[in-house]
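Going line by line, the protein sequences match chains V, L and U.
1476 is the number that my numbering gives to position 342 of the first sequence; each next residue is one higher, with no gaps.
131 is the number that my numbering gives to position 130 of the second sequence; each next residue is one higher, with no gaps.
189 is the number that my numbering gives to position 188 of the third sequence; each next residue is one higher, with no gaps.
Here a beta-carbon is modelled for each residue, glycine too, at the ideal position from N, C-alpha and C.
Bear in mind that the values here come from a model prediction, so they are computed numbers and not experimental data.
Below: the structure, in structure tokens.
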Amino acid sequence: MSEQPLLTVTIDNITLQVPAGTTILQAARKIGGEVAPPAMCYYSKLKESGGKCRTCLVEVSKGSEKDPRPLPKLVASCRTTVMDGMEVKNITSPRVLDARAGVVEFLLINHPLDCPICDQAGECHLQDLSYEHGKEGTRYEFQRRTFKKHDLGPYIQLHMTRCILCYRCVYTADQLTARREHGVLDRGDHAEIATHIEKSLENNFIGNVIDVCPVGALTDKTFRFKNRVWFLKPLNAHRDCPDCCGKVTLWNRGDEVYRVTARKDEWGEVESLEDGSAAWICNTCRFDKKKTSDWVIEGPRDINRHSVISQGHYAGKIGTTTPTEIFTAVHDGRQPKLLMDIHSVSEVNRPEIELSRIAGPSHSNDFQKGNE
Amino acid sequence: MNKNNIGFYMVTFSEQELAKVKEIISHYPEGKQKSALLPVLHLAQDTFGGWLSTDTMDYVAGLLSIEPIEVYEVATFYSMYNLKPMGKYVFEVCQTGPCMIQGSDNIIAYIGSKLGIRPGETTSDGMFSLKTVECLGACGYAPMMQLGKHYREHLTPEKVDAIIAECRNNAAAQN
Amino acid sequence: MGVQLLLEKVKVEGIRHYDVYRREGGYRSVEKALKQMSPEAIVEEVKKSGLRGRGGAGFPAGMKWSFIAKPEGVPRHLVCNADESEPGTFKDRYLMEFIPHLLIEGLIVSSYALGSNDTYIYIRGEYAWIADILETAIEEAKANGMLGKNILQSGFDCNIYVHRGAGAYICGEETALIESLEGKRGNPRIKPPFPAVQGVWMRPTVVNNVETLAAVVPIINDGGEAYAKIGVGKSTGTKLISACGNINRPGVYEIDMTISVEEFIYSDEYCGGIPNGKRLKACIPGGSSVPILPANLLLKTAKGEARLMNYESLSDGGFVSGSMMGSGGFIVLDEDQCIVKNTYTLTRFYRHESCGQCSPCREGTGWMEKILWRLENGEGKESDIDLLWDIQRRIEGNTICPLGDAAAWPVAAAIRHFRDEFEWHVREPQEARKRNYGLAHYADPIHVPVAG
């Protein structure tokens, strides 16, 4: 391979070098933590994805070494490639934070906020996004949008009201399955994911739309209402599958397999295999292999310690720096301002309790016992 | 146009129409026959009863060798394609700013009361449909509506009466 | 009437047909271009003319042409944007309907300049009969050797095809238009890559408005410098203005961009004043997307100078006290018009036409529409006005394509200049239901109707 020239880019006062063709978002992800803009529609493993949700907007305060003029508009970092000498502001730009708060508000005005009955709760990107960038109340006083119910067959459950139209599932069907049978119908604020004719989606690999969906619009029907994700124990497992890589995460309670998903990295995307391809899994692995005996268990899966799932006691985290450290670094030592200190309103999760020392999924008893 | 004996449109183009489809496809580069989708859907809608049924869309998908969903996506995006049966005469009345200034609201209300339907509905005899649309590019000649291929401009209640009568006469003459 | 470059011959009997058009001096530019000029020379001439895109953005046309990539062995395409859908704009329709050969002539010359052998006219679906007129014109041109293979023995082949859209304002945005031409939903593409590099079928593409391409004809006939002499500053040549709303003579006018707004509205040569002795309240001078201006700011800039009908003067004062030339859709509102209702219908339009791809536009336009509906119907709250301002502010500049801006600007300008009328809708809901706010201090002070 020929030597690729490295470009210098500065994001939130942190300078790094990246190969030509890298997008601002990819560069920011190398830094990690809060410096990486949130991405609801971009998915690095899906071609053409990105640019739509506008949550990853950043300010380019210096275009490049050659042309140092700032870009007039905020740009979608997922679709803008880095130029040599570029300077980008993400969390250090009040303009970006304001625009992002606006986008979050737009995404939420028609969202049903039915997290208490949503299977995605606990691993939902919209939940995380709202927590980090949203407001506690809403200014929207009108009826929320609804859609005619649409049955996608025995495997995939569609809740159109929760959809944010990221188009990821459309690209998934285009790029992973033999033929696409669902798409975005209609336009504007009543655009919807549908098949037009009532049709069940049963293409092998179509199940991956569940993994790519950032919200609870497409969920696993075989797991529907069965359990909350944070009560389950994620385990890495594999099997010899003729169709796919066979490397999955099992979500168990005791010995019972509640659901099977692809293995996801810290950005919520399907992991890459050794050969660089994405570890998509087939429908058989996902929907039909629901016995522990179907799998070779490799061990517990690392879960980001900030995820609610990690309170199911799994130690370990992905990445080496914690967001808080980066935040203070780029903010000249200032601490992040919390939107709301959860401990001021909740008795659960008191910081004096060391969760990793609790042996199993936590119960109220653990909290009463304290941290002995 | 083919009508079978029970009054439904058979979703098959005639020789002539197929030649037209072929001609349209030839406008675009080899292998880019999907580009012909919009014109062919127009042709299909005109041929098969003024709307696009699922059968019609599947047929068009077959003609252009594309997936049916690609046709559904497009047909639902553009406002000129009707996805349910429409009346024989569709009054598409513009209601955007410049037409509103010239009283399009009154014209829409007048047509509605005259035909006994609201926007989006079709008369029970299947003769007329009323549709409100956004700017048709005839702002200087407002209020206006589209009827079939042509625009009817500078509408007044009297003019609307005349147009309704004209449609009824045409329909009577055809039967 | 000033200089007429495009519409000079429009009233000639039978000008729609090739023979008459040719007899009146048509297709001279094709002869000149193909026989005497190189493609580069034509691009140079268009650059010299200072011609700016007539679709709305006003980007220099020659510059746009010079950006087109020329990779080896990849065909290039010229696409004519005839998807005229901006409320208030109907100039291209007039040109295509009455003098279609002017567009065809401009297209042949421009195709030669850009090296496009297959050129497309993307016309909005509703203009079905105009598509027929254009197709007839193309047939006639072909029959007379102006289109097809080896035009005028120059070795240049060119075909023009008419592609009808099907009802989507967004397809006037060039990348959405390209998607639509490819038989897809009209979702604007994320730029870069720009169409000049990867346009239709991933080939280098230039998309130009009808009027821009028609203007190439006088530029080639008389030279770019002669064209640049007409008009003022960076507003060279002539501009078609489609005037509508509360005026005596709505229609399409060709102006040379040196006349004042006041003359345009009140002169009998153009709009002929406001009907029924009413006074001018406000005007949207460049199609519904551009900021609305109250009469006092419309006729005179904030500096007190007379405002002229050209790019610079209309945008004098930025969005605080100015507006934009836009696509030349000139909408006049008299003293009886309700600004809130007008803003509501325009916002409804943008909500209806949003493609739904990116969140600020998809969600924001609908939200603004609902609030405006509430205000218009006397159910609004004082805080709604600030909320509207906040929503439009967060849409503007944050969307994939300019439709977001186009939806935000009318709301912003209406609140900026007519806030008291919005407040009145909140304060006097009963009155707001019954009648409009009428005149206020922003009305045109110089044209008080004569009593009796």
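{"Query": "DSSP beta-bridge partners for residue 1385 of chain V?", "Result": "V/1368, V/1393"}
{"Query": "At what residues does the alpha helix (DSSP H) containing residue 81 of chain U begin and finish?", "Result": "Run containing residue 81 of chain U: none in the alpha helix (DSSP H); it sits in the beta strand (DSSP E), 78 to 83."}
{"Query": "Could you say if the region 252 to 267 of chain U and the region 335 to 344 of chain U meet the contact criterion of at least three C-beta pairs nearer than 8 Å?", "Result": "no"}
{"Query": "For the beta strand (DSSP E) holding residue 454 of chain U, just list the boundary residues, first then last.", "Result": "Coverage of chain U is limited to positions 2 through 453, which leaves residue 454 of chain U absent and any answer about it impossible."}
{"Query": "Does any residue of chain U have a CB that is nearer than 8 Å to the CB of residue 1191 of chain V?", "Result": "yes"}
{"Query": "If contacts are defined as beta-carbon pairs under 8 Å, then residue 168 of chain U and residue 81 of chain L qualify, I think. What distance do you get, rounded to the angstrom?", "Result": "4 Å"}
{"Query": "Suppose the cutoff is 7 Å on Cβ atoms and the five residues either side in sequence are ignored; what does the same chain contact list for residue 303 of chain U look like?", "Result": "318, 322"}
{"Query": "Provide the residue(s) that pair with residue 153 of chain L in DSSP beta bridges, ordered along the chain.", "Result": "L/146"}
{"Query": "Could you check the C-alpha separation between residue 1378 of chain V and residue 1150 of chain V for me, to the nearest Å?", "Result": "36 Å"}
{"Query": "Report yes if the C-beta distance between residue 1186 of chain V and residue 154 of chain U is below 8 Å; otherwise report no.", "Result": "no"}
{"Query": "Taking the alpha-carbon of residue 55 of chain L as reference, which of V/1333, V/1271, V/1360 has the nearest alpha-carbon?", "Result": "V/1333"}
{"Query": "Tell me which residues of the region 345 to 356 of chain U have at least one Cβ-Cβ distance to chain A shorter than 7 Å, keeping chain order.", "Result": "Chain labels in this structure do not include chain A; the protein chains are V, L and U."}
{"Query": "Find the nearest neighbour of residue 100 of chain U within the set U/376, U/38, U/8, judged by alpha-carbon distance.", "Result": "U/8"}
{"Query": "Hey, residue 43 of chain U and residue 105 of chain U: beta-carbon distance below 8 Å or not?", "Result": "no"}
{"Query": "Use the C-beta contact count for residue 1407 of chain V: other C-beta atoms within 10 angstroms, 16 or more gives buried, fewer gives exposed.", "Result": "exposed"}
{"Query": "Taking one C-beta from the region 103 to 118 of chain L and one from the region 68 to 81 of chain L each time, how about it: are there three or more such pairs within less than 8 Å?", "Result": "no"}
{"Query": "CB-CB under 6 Å to residue 402 of chain U, same chain, minus the five flanking residues each way: which ones, in chain order?", "Result": "174, 189"}
{"Query": "Measuring only between beta-carbons, confirm whether residue 136 of chain L sits less than 8 Å from chain U.", "Result": "yes"}
{"Query": "Using the Cα positions of residue 386 of chain U and residue 255 of chain U, report the straight-line distance between them to the nearest angstrom.", "Result": "38 Å"}
{"Query": "Distance, Cα to Cα, residue 16 of chain U vs residue 10 of chain U?", "Result": "7 Å"}
{"Query": "Report yes if the C-beta distance between residue 1375 of chain V and residue 1418 of chain V is below 8 Å; otherwise report no.", "Result": "yes"}
{"Query": "Looking only at DSSP bridge pairs, what is residue 281 of chain U linked to?", "Result": "U/335"}
{"Query": "Residues of chain V with CB under 8 Å from residue 159 of chain U, in chain order?", "Result": "Residues of chain V passing the Cβ test: none, with the nearest at roughly 32 Å."}
{"Query": "Report buried or exposed for residue 179 of chain U, applying the criterion of at least 16 other Cβ atoms within 10 angstroms of its Cβ.", "Result": "buried"}
{"Query": "Which residues in chain U sit within 8 Å of residue 1237 of chain V, going by Cβ to Cβ distance?", "Result": "360, 361, 395, 399"}
{"Query": "State the Cα-Cα distance for the pair residue 1221 of chain V and residue 369 of chain U, rounded to the nearest angstrom.", "Result": "35 Å"}
{"Query": "Of the choices V/1188, V/1172, V/1155, whose alpha-carbon is the least far from that of residue 405 of chain U?", "Result": "V/1188"}
{"Query": "Determine the direct distance from the alpha carbon of residue 253 of chain U to that of residue 269 of chain U, and round the result to whole angstroms.", "Result": "14 Å"}
{"Query": "How is residue 164 of chain U classed by DSSP in three states: helix, strand or coil?", "Result": "strand"}
{"Query": "Using the three-state DSSP reduction, which class does residue 1428 of chain V fall into: helix, strand or coil?", "Result": "helix"}
{"Query": "Quick check: residue 171 of chain U and residue 364 of chain U, are their CB atoms within less than 8 Å of each other?", "Result": "no"}
{"Query": "Can you list, in chain order, the residues of the region 1262 to 1286 of chain V whose Cβ is nearer than 7 Å to any Cβ on chain U?", "Result": "1273, 1274, 1276"}
{"Query": "Helix or strand or just coil, what does DSSP make of residue 118 of chain U?", "Result": "coil"}
{"Query": "Spell out a yes or no on whether the region 1380 to 1400 of chain V and the region 1283 to 1290 of chain V are touching, meaning 3 or more CB-CB pairs, one atom from each, closer than 8 Å.", "Result": "no"}
{"Query": "What's the call for residue 145 of chain U, buried or exposed, on a 16-neighbour Cβ count within 10 Å?", "Result": "exposed"}
{"Query": "Answer yes or no: do residue 83 of chain U and residue 211 of chain U have a C-beta to C-beta separation smaller than 8 Å?", "Result": "yes"}
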